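Some notes on the structure that comes next.
Numbering (my numbering), first residue to last: 3 to 584.
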């Protein structure tokens with residue numbers, strides 16, 4: 003009834019009091035034409051990137067480029083000097099800022115500046131009193147940006163699913179008994195073990211040394227909830243910033259606990275009750291979403307948050323947010339926009355990946371709605387979009403479906419999003435909600451554990467290994483993508499692939515390759531054949547080389563992105579070379 007009532011409430015609002023729902027735009031996105039006369043340079047990145055951010059780039063041979071440079075301060079000052087204008091956030095990846103003003107003349111003045119390329123209204127909706135009184139439940143059912151809410155589940159009426167009657171997908175096929183685990187998981191055992199997390203934790207990989215940035219709506223009770231006493235005591239939270247309020251608060255509206263629930267799925271550590279997937283990682287808590295409304299400026303807040311996370315040296319981004327429809331319907335996304343390069347948040351997520359981070363995001367909760375597709379930034383390239391399964395590894399219907407509009411596999415993988423266990427932040431009991439919002443942090447935490455085990459690997463190698471470890475990698479679908487990843491298997495994949503051999507008589511270029519085409523050159527070796535294998539040991543192509551040919555193009559463009567092994571057969575000797583297709 004609530005959902006039906008909400009529908010009629012909004013219908014009446016739009017028909018009867020339309021004049022009060024929309025007003026002159028108050029917030030604008032301002033994009034500049036250039037970065038001329040900036041005091042910063044790509045040759046001195048320590049001016050605007052932390053040592054950790056610079057090292058992450060160096061580890062992956064990623065150059066500092068022009069979009070790493072901060073927005074020109076002179077341009078910002080010029081805009082800020084216009085009467086009735088307040089500068090909100092900066093977006094260096096787009097060479098832009100967001101501002102607030104209700105003065106049309108101010109906008110016209112800014113647009114006339116020779117260094118201003120364009121302006122775009124990003125917030126015009128003003129909430130009515132009826133809308134502001136709506137509960138979180140009603141808001142959830144309207145726009146699906148929060149998980150589905152359910153009553154608190156007590157341990158007495160929701161038994162633990164033990165490994166004896168629900169074997170996890172383990173690469174070794176050997177059950178891991180909770181009694182012998184490094185952590186006492188309590189009710190959270192299944193959701194961690196499903197991803198091979200218990201196996202990884204038992205090997206000592208629990209996120210230590212890896213930094214995760216969580217971009218969310220709010221983290222109320224982070225400073226008091228028992229689930230976070232370990233990360234507070236060990237100073238694992240590096241800091242927090244609110245890109246909505248532009249201050250150091252960790253929530254914007256009372257009741258903004260969604261981010262804290264997500265944090266508990268990664269960092270929670272109450273032995274015998276709740277253990278997250280990355281209890282030893284370090285965290286940035288970043289508020290980018292304003293819960294009571296839905297405006298496109300929230301995508302820009304996210305861009306600013308992701309840029310901050312990059313400059314602070316984060317390795318993994320966890321985003322349990324998604325955008326399709328807004329309070330101002332004129333800026334709604336369409337399914338055609340879900341192509342990875344239309345929504346600003348999706349473009350930024352791909353840029354974040356290009357900086358050497360692994361963005362992990364929720365696929366969305368629209369599976370039962372007429373939209374039913376993934377939202378932004380789940381459509382982004384090189385972004386790990388996570389769908390939802392239940393405790394028995396079955397797809398659940400609320401989880402948004404793929405593919406992306408341009409036909410890429412989305413969601414990429416899936417984790418338990420149907421009633422995983424979080425902490426009840428205020429009362430000390432358990433909560434059990436549902437939504438891809440929760441599948442996302444479970445996966446993001448495990449991504450940190452995998453990277454801890456393979457610190458020398460690139461973000462794309464981590465990303466590809468996660469996909470290749472999934473339960474139906476060779477037969478992806480539109481519901482769970484490549485399936486449920488097994489991070490223990492991903493660890494084995496990254497461990498078993500040989501590194502590039504060094505031999506002056508044979509080499510391959512380009513490597514990595516964006517399109518899956520490689521040129522092999524040999525000199526002084528009698529190479530009779532080339533074979534390429536995927537990480538599962540399956541031969542994907544073979545070429546026979548006549549003795550007169552020393553340059554050969556090999557083509558795996560029809561294969562998914564990932565890590566492959568090239569075997570060059572020369573006489574009675576085989577040479578192995580790792581290939582990477584982005």
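Virtual Cβ for every residue (Gly too), placed ideally from N, Cα, C. Treat the numbers as computed from the prediction; the structure is a model and nothing was measured.
Rounded to a whole number of angstroms, what is the C-alpha to C-alpha distance between residue i and residue j?
i: residue 543; j: residue 109; result: 58 Å
i: residue 284; j: residue 355; result: 19 Å
i: residue 202; j: residue 99; result: 42 Å
i: residue 349; j: residue 308; result: 12 Å
i: residue 381; j: residue 452; result: 23 Å
i: residue 305; j: residue 568; result: 39 Å
i: residue 403; j: residue 103; result: 38 Å
i: residue 482; j: residue 193; result: 16 Å
i: residue 236; j: residue 535; result: 44 Å
i: residue 52; j: residue 35; result: 27 Å
i: residue 511; j: residue 81; result: 47 Å
i: residue 365; j: residue 574; result: 49 Å
i: residue 372; j: residue 333; result: 18 Å
i: residue 531; j: residue 508; result: 13 Å
i: residue 533; j: residue 497; result: 20 Å
i: residue 197; j: residue 59; result: 28 Å
i: residue 412; j: residue 208; result: 27 Å
i: residue 328; j: residue 299; result: 10 Å
i: residue 577; j: residue 392; result: 44 Å
i: residue 93; j: residue 40; result: 15 Å
i: residue 408; j: residue 554; result: 31 Å
i: residue 565; j: residue 476; result: 14 Å
i: residue 297; j: residue 252; result: 20 Å
i: residue 1; j: residue 340; result: Lying before the first or after the last residue shown, residue 1 is absent from the chain, which here runs from 3 to 584.
i: residue 86; j: residue 79; result: 13 Å
i: residue 446; j: residue 335; result: 26 Å
i: residue 367; j: residue 425; result: 21 Å
On a Cα-Cα basis, can you pick out the residue from the options that is closest to residue i?
i: residue 379; options: 346, 273, 359, 578; result: 346
i: residue 63; options: 560, 460, 342, 34; result: 460
i: residue 123; options: 568, 33, 244; result: 33
i: residue 663; options: 119, 533, 46; result: This structure cannot speak to residue 663, because the chain is shown only from 3 to 584.
i: residue 31; options: 281, 112, 37, 516; result: 112
i: residue 314; options: 49, 529, 29, 413; result: 49
i: residue 250; options: 267, 222, 238, 227; result: 222
i: residue 353; options: 66, 38, 36; result: 66
i: residue 216; options: 191, 291, 494; result: 291
i: residue 204; options: 89, 493, 51, 533; result: 493
i: residue 400; options: 206, 389, 219, 299; result: 389
i: residue 293; options: 442, 256, 302; result: 256
i: residue 560; options: 121, 410, 254; result: 410
i: residue 517; options: 218, 432, 562; result: 562
Mind checking who residue i pairs with in its DSSP beta bridge?
i: residue 31; result: 100, 122
i: residue 403; result: 375
i: residue 541; result: 535
i: residue 389; result: 416
i: residue 576; result: 571
i: residue 363; result: 321, 387
i: residue 520; result: 556
i: residue 199; result: Its beta-bridge partners do not exist; DSSP assigns none.
i: residue 117; result: Note: residue 117 sits in no beta bridge, so no partner.
i: residue 93; result: 98
i: residue 271; result: 277
i: residue 220; result: 253
i: residue 261; result: None, per the DSSP bridge assignment.
Is the distance from the Cβ of residue i to the Cβ of residue j below 9 Å?
i: residue 244; j: residue 277; result: no
i: residue 448; j: residue 279; result: yes
i: residue 270; j: residue 229; result: yes
i: residue 2; j: residue 351; result: What the structure shows of the chain is the stretch from 3 to 584, and residue 2 is not part of that stretch, so it cannot be assessed.
i: residue 69; j: residue 97; result: yes
i: residue 519; j: residue 479; result: no
i: residue 318; j: residue 455; result: no
i: residue 427; j: residue 266; result: yes
i: residue 434; j: residue 423; result: yes
i: residue 359; j: residue 311; result: yes
i: residue 484; j: residue 473; result: yes
i: residue 2; j: residue 363; result: Lying before the first or after the last residue shown, residue 2 is absent from the chain, which here runs from 3 to 584.
i: residue 583; j: residue 524; result: no
How close, in whole Å, do the beta carbons of residue i and residue j come, if the pair is a contact with beta carbons under 8 Å?
i: residue 199; j: residue 489; result: 6 Å
i: residue 486; j: residue 417; result: 7 Å
i: residue 571; j: residue 522; result: Actually they are not in contact, since the Cβ atoms of residue 571 and residue 522 sit about 12 Å apart, beyond 8 Å.
i: residue 275; j: residue 189; result: 7 Å
i: residue 331; j: residue 376; result: No, residue 331 and residue 376 are not in contact; Cβ-Cβ is about 20 Å, not under 8 Å.
i: residue 240; j: residue 286; result: 5 Å
i: residue 303; j: residue 246; result: 6 Å
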